[in-house]
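Heads up, the thing below is written out as structure tokens.
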Amino acid sequence: MRHSIDIVVVTETWLNSEVEPTFGKICGYTHWTRKDRLERTGGGVAVCFKEGLQSQLLDVVTPPEMEAMFFRVVLADRLALLICAMYRP
């Protein structure tokens, strides 16, 4: 890649349980962590991280109309970031 991208966030993925977890794997990045829309088509959120970044998916309660995932990411200098990937239809 031309730029050094550390975190990739995609909304409106339109993915569902029929799509393999390895779909769209980017070389040098983790597999996608996904939150697919279950009740109907469209929507969805997916996140992947550059390999080597320490990330942890957090259990955060959100309103049912929001599709969101929260992560704690530790950088090389031990600084921690909180990342939220959110889609509200």
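Residue 81 in UniProt numbering sits at position 81 of the sequence shown, and the numbers go up by one each step.
Backbone N, C-alpha and C fix where the C-beta goes; we use that ideal spot for every residue, glycine too.
The model shown is predicted, which means the values in this text are computed figures rather than measured ones.
Any idea if residue i is buried or exposed, counting beta-carbon neighbours within 10 angstroms, 16 or more meaning buried?
i   : result
F49 : buried
E67 : buried
G44 : buried
Just the Cα atoms here: how many angstroms apart are residue i and residue j?
i   : j   : result
P63 : V74 : 27 Å
M69 : W14 : 16 Å
T22 : R34 : 11 Å
I83 : V60 : 12 Å
L79 : R72 : 10 Å
E20 : L81 : 29 Å
Closest to residue i by C-alpha separation, out of the options, would be which residue?
i   : options               : result
L53 : T41, H31 and A68      : H31
A76 : V19, T41, E51 and N16 : E51
P89 : E65, V47, E20 and A80 : E65
V9  : V47, I26 and S17      : V47
G42 : R72, T11 and C27      : T11
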